[in-house]
Amino acid sequence: MALLEAIGIGKTYPGGVVANDGVNLVIEPGEVHAVVGENGAGKSTLMKILFGIEQPNAGRLLLDGREVHFANPREAIDAGIGMVFQHFSLVPTFSVYENVVLGSEPRNGIRLDRQRAIAEVQELSERFRLKVDPLPPVRALPVGQQQRVEILKALYRNARILILDEPTAVLAPQEVQELFVAIRSLVAQGKTVIFIAHKLPEVLEISNTITVMRQGKTVGQVKTSEVTEKSLAAMMVGREVSLRVERKQTDQSECVASVEGLRVVNARGTEVVAGLDLNVHAGEIVGLVGVEGNGQAETLEAIAGLRSIAEGTITIANENAASLSVLERRGLGLASIPEDRIAEGLATGSSVAENLVATRLNDRRYVRNGLLDLKAIKAHATKLIEQFSIRVGGPSYAVGTLSGGNMQKVVVARELCEQPKLLLVNQPTRGVDLGATQFIWRTITDARDKGAAVLLSSADLSELLALSDRLVVLYRGKIVAAFVNTPDLTPETLGTYMLGLSTQTADEMKAALK
Amino acid sequence: MSNIPAIDRASRWKTIRRETLRALAALAIALLVTFIVVLFTSKAPFEAFTQLLTAPVSRVRTVGLWIDDVVKLTITGLAFSLVFQARQFSMGVQGQVYIGALAATYVALSPLGATWAGIPLGITAAMLAGAVYGFLPGIAKAKLGANEIVSSLMLNYIAIELCNFLVRTNLPKPQAGVLTTNDFPDSAVFPALVANTRIDLGLIFALVAVVVVWFALYRTSWGLKLRLVGHNARFAEYSGIKATFIMVSAMTASGALGGLLGSMFVQGQTYGKLTVLFEGGLAFEGILVAIVARSRPLAVPVVALFYGYLRQGAQLMNIRTDVPAEVIGVVTAIIILLVSSSFSFGFIKKLFNRDPARVSAPVAAGGAAK
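Protein chains in written order, with this note's numbering: chain A, 1 to 514; chain B, 515 to 884.
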């Protein structure tokens, strides 16, 4: 008998977006069940229904063969379902064990029994191979470990079924492997894991069964052993896809942007970028490689004008840009796709049209004498919605109602609807599905082919290797290696430099640092 | 693509309808609870409740009281909406009212007050003073990181006490010891629009203010920037919008509205002079109006119409029956609670009409039902 079964689930959001339409899902006990599909395919909605955050308009949920209704997550948790979201819900200043037990603390009278809590968390973390120190505050941990804390939280509440919503999206390659070790140990000990993912190689590696969703419907359920990456991708998208990007030969002689001796100090006084020299030429993509937190994001922010610099010069299109405002730099032809679209790239409460015009409020096409030209703004939005195939009801819909990939498309549309001279890109496809990834890669490459200088930072090495002309590796705010991208450059080679295990000499770097 | 505008409009109407129904339902529930409270506190509860519901329209004069309240609530509601849309929680409208009133008073009692310039100059002075007073917590936040809630509340006390002090000491008054100034010359008092009521020029100002604020927020680039800052200040910075400038200017503009309200108080038919504590806490009730109106300028006067009615009803009930006006505090609190919580019709439907299958199901799931 199936452990958890969803039959004919239908969910229509207010506003008429049909997120789920007759979705079926059969989860067997003790399996790793991957749910794959493009953005807006309805995966997240289905998971929210399983976890009681959303209530379906139609269909039934069976747990152990009996029909259940979860009015809220509490009821789902009580029934043994745990969920780890893409955006963690942890208290950063609380210690690991406090976060784990929060809400169901072991008590000693009315007091929290700290010793027992620590012991229990330690025991859980050892049993399921989720190694994490229970004592330090959560904010001091890297993302991978924070995720383990989230998983421990669910296990502490006796979850039998664990839903992981795109767990690998935030992890470095090594951390992904560690997560998979933990998942295998969970399954070996009788837990069941539902795994939402975008990256097909990972899905093929970890899952036993795969359910494919497309446009709110289930396309089918397959055994992992019976599919290939290609056939799976075709099922997801409904057509053949290739994750290769064709690139044109470009003239890379003109230097569009350069930084010299760039130093950036963060709010806590630590030096995060320590004397960086870098040139980016028209028609090339330079990949910033590095474990997150080694100065890539800060470098991009400094160039964009969002972070003040301690020392150094920034030149954009032959102008000294170090003292220019964000808008003036944008005026020089700078565009930027930020790392966190919700926190930085969009105002989710505003309409799609307003988001699309937000960076052009000094443009006479949309604003004259301080007055908005609503017609032009709307026409601009309608055009971009069509051109970038953003799935939305209309220009005046709030961005917050879109799916993750469509939100990202709004950002990309805004930044790339006019050919930029310099494009800064940070984690363009984090948490974005296959179809959208393909589209975003294509768009970035197009910008390059048309002569934009692109500076790309990504946690996904395969993305960097697929897109970049040159790669520079950052470690502790310094360039430790530089490569011209060739087919024989491997993630492993980059990895040793990323972790600071070795450093190239100035001579070795020279060729790739033109 | 051609059908999109129609969908847009339909969805907008849907939102308006939903929000209106929500507000009305909140009102109904609040009135129900009020009735229960009145039932317990009054010897003649039905009479008292009838007074609450009908007193404002019982005479021309009371209609005037009602409309006067609506006008003032509209202005303070607009002032709060403006800062709330920029997600600045400045509470300074009250202080701006007092400072604005002081400025208007100095103009009205000066030689200029007796000329045709009494009204326009009084209003201008009041708005300028209010703007400066709104600017202060804004600049303090931008330059010093001072929390605008705290600084604006403290500035309120300073304004109230300053007004108090000046009325007692240096402003001309009819006789020593009274807590009001001399009556303003007629040329400095807003003419009544309806004779023998408090309905005066202020009504026109309120209507104009609604349109101006709406226009500024939804038709100018400043308004769009302001709303973008309110939705996500980091995104605004990233887009090249100077978030701090927008923040401070929103608080300054809101201050000008607060100042205008000050002049409407003292130069209106209600007073025609400055007295201590003239505002009676009305400025703060703009918070309720703004919250219920979801900071939408066009919804503000509608909400003010309902809320002003209840406010007058409660005051008249206080005078005519044995129920204290404070009862209206209960209504206010419940409305705020209901409107600002995620209360919806689904909730009410669930409350009154629980489908037996839904209730029994969680029990089957292992006693998870509450």
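Note that CB positions come from ideal geometry on N, CA and C, so glycine has one too.
Quick caveat, the model's predicted, so the values are computed rather than measured.
Thinking just about the alpha-carbon of each residue, which of the options is nearest to the one in residue i?
i: residue 742(B); options: 728(B), 727(B), 760(B) and 729(B); result: 760(B)
i: residue 772(B); options: 642(B), 623(B), 805(B) and 802(B); result: 642(B)
i: residue 41(A); options: 56(A), 29(A), 23(A) and 321(A); result: 23(A)
i: residue 362(A); options: 839(B), 735(B), 645(B) and 843(B); result: 735(B)
i: residue 803(B); options: 839(B), 582(B), 688(B) and 850(B); result: 850(B)
i: residue 44(A); options: 212(A), 158(A) and 101(A); result: 212(A)
i: residue 527(B); options: 396(A), 493(A), 506(A) and 405(A); result: 396(A)
i: residue 37(A); options: 336(A), 231(A) and 72(A); result: 231(A)
i: residue 199(A); options: 157(A), 438(A) and 76(A); result: 438(A)
i: residue 384(A); options: 322(A), 156(A), 353(A) and 124(A); result: 353(A)
i: residue 753(B); options: 238(A), 468(A), 328(A) and 381(A); result: 328(A)
i: residue 480(A); options: 487(A), 493(A) and 252(A); result: 493(A)
i: residue 843(B); options: 530(B), 534(B), 544(B) and 688(B); result: 544(B)
i: residue 484(A); options: 467(A), 475(A), 264(A) and 477(A); result: 467(A)
i: residue 592(B); options: 840(B), 827(B) and 814(B); result: 814(B)
i: residue 341(A); options: 298(A), 102(A) and 414(A); result: 414(A)
i: residue 729(B); options: 301(A), 120(A) and 370(A); result: 370(A)
i: residue 298(A); options: 411(A), 29(A) and 267(A); result: 267(A)
Give me the chain A residues within the contact set of residue i, using Cβ-Cβ distance strictly less than 9 Å, ordered along the chain.
i: residue 733(B); result: 371, 372 and 374
May I ask you to report which of helix, strand or coil DSSP gives residue i?
i: residue 221(A); result: strand
i: residue 213(A); result: strand
i: residue 417(A); result: coil
i: residue 876(B); result: Residue placement at residue 876(B) cannot be trusted, given a pLDDT of 36 that sits under 50; what the coordinates show is reported in the next sentence. Helix at residue 876(B).
i: residue 6(A); result: strand
i: residue 109(A); result: coil
i: residue 53(A); result: coil
i: residue 765(B); result: helix
i: residue 496(B); result: Look at the range of chain B in this structure, 515 to 884, and you will see that residue 496(B) is not part of it.
i: residue 517(B); result: With a pLDDT of 41 at residue 517(B), under the threshold of 50, the modelled position of this residue cannot be trusted, and the question is left open.
i: residue 697(B); result: coil
i: residue 351(A); result: strand
i: residue 778(B); result: helix
i: residue 509(A); result: helix
i: residue 579(A); result: Residue coverage of chain A in this structure runs from 1 to 514, which leaves residue 579(A) outside it and unanswerable.
i: residue 820(B); result: helix
i: residue 87(A); result: coil
i: residue 44(A); result: helix
i: residue 830(B); result: helix
i: residue 772(B); result: helix
i: residue 66(A); result: strand
i: residue 530(B); result: helix
Residues of chain A with a CB under 8 Å from the CB of residue i: which are they?
i: residue 751(B); result: 306 and 326
i: residue 748(B); result: 343 and 344
Can you name the residues of chain A whose CB is closer than 7 Å to the CB of residue i?
i: residue 635(B); result: Residues of chain A passing the Cβ test: none, with the nearest at roughly 27 Å.
Kindly list, in the order they appear in chain B, the residues whose Cβ is closer than 7 Å to that of residue i.
i: residue 157(A); result: In chain order: nothing, as chain B lies at least about 13 Å away.
Below 9 Å on C-beta distance, what does residue i contact in chain B?
i: residue 330(A); result: 753 and 754
Where in the segment 425 to 504 of chain A do unbroken runs of the alpha helix (DSSP H), each at least 4 residues long, occur, reported from the N-terminal end onward?
-> Complete alpha helix (DSSP H) runs here, min 4: 434 to 449, 461 to 467 and 491 to 498.
Give, in chain order, every residue of the segment 335 to 350 of chain A whose Cβ lies closer than 8 Å to some Cβ of chain B.
-> For the segment 335 to 350 of chain A, the set of residues with a beta-carbon nearer than 8 Å to any beta-carbon of chain B comprises 336, 338, 343, 344, 345, 346, 347, 348, 349 and 350, in chain order.
Taking a Cβ distance cut-off of 8 Å, strictly less, list which residues of the segment 638 to 660 of chain B are near chain A, in chain order.
-> Listed by position, the residues of the segment 638 to 660 of chain B near chain A (Cβ gap below 8 Å) amount to none.
What residues in the segment 707 to 740 of chain B have a beta carbon less than 7 Å from any beta carbon of chain A?
-> Interface annotation for the segment 707 to 740 of chain B against chain A: 733, 734, 735, 736, 738 and 739, criterion Cβ-Cβ distance under 7 Å.
What residues from the segment 352 to 367 of chain A come within 7 Å of chain B, judged by C-beta to C-beta, listed N to C?
-> When C-beta distances to chain B are compared with 7 Å, the residues of the segment 352 to 367 of chain A below that value are 354, 358, 359, 361 and 367, in chain order.
Continuous beta strand (DSSP E) assignments of at least 3 residues falling wholly in the segment 630 to 688 of chain B | The qualifying runs do not exist here; there are none.
Closer than 9 Å, Cβ to Cβ, to anything on chain A: give me those residues from the segment 750 to 775 of chain B, in chain order.
-> The segment 750 to 775 of chain B vs chain A, Cβ under 9 Å: 750, 751, 752, 753, 754, 755 and 756.
Residues, ordered as in the chain, of the segment 470 to 494 of chain A that lie near chain B by beta-carbon distance below 8 Å | Cβ contacts with chain B come from no residue of the segment 470 to 494 of chain A.
Could I get the ranges of all uninterrupted alpha helix (DSSP H) runs contained in the segment 135 to 196 of chain A, with 4 residues as the minimum, in chain order?
-> Qualifying alpha helix (DSSP H) stretches, in chain order: 143 to 156 and 173 to 188.
Just list the beta strand (DSSP E) runs in the segment 290 to 353 of chain A, keeping only unbroken ones of 3 residues or longer that don't cross its boundaries, in chain order.
-> DSSP runs (the beta strand (DSSP E)) wholly in the segment 290 to 353 of chain A: 311 to 316 and 334 to 337.
Along the segment 784 to 813 of chain B, what residues have a CB closer than 9 Å to any CB found in chain A?
-> Correct list: empty, as no residue qualifies.
Select from the segment 819 to 832 of chain B all residues with a C-beta closer than 9 Å to any C-beta belonging to chain A, and list them in chain order.
-> Within the segment 819 to 832 of chain B, no residue has a Cβ that lies closer than 9 Å to any Cβ of chain A.
Whole alpha helix (DSSP H) runs in the segment 549 to 637 of chain B with 4 or more residues, listed along the chain?
-> Here the runs fully enclosed are 559 to 568, 574 to 599 and 607 to 622.
Could you please tell me which residues of the segment 533 to 552 of chain B, in chain order, have their CB closer than 7 Å to any CB of chain A?
-> Listed by position along the chain: nothing, the set is empty.
Name, going along the chain, the residues of the segment 213 to 236 of chain A whose beta-carbon falls closer than 8 Å to a beta-carbon of chain B.
-> Among the residues of the segment 213 to 236 of chain A, none has a Cβ less than 8 Å away from any Cβ of chain B.
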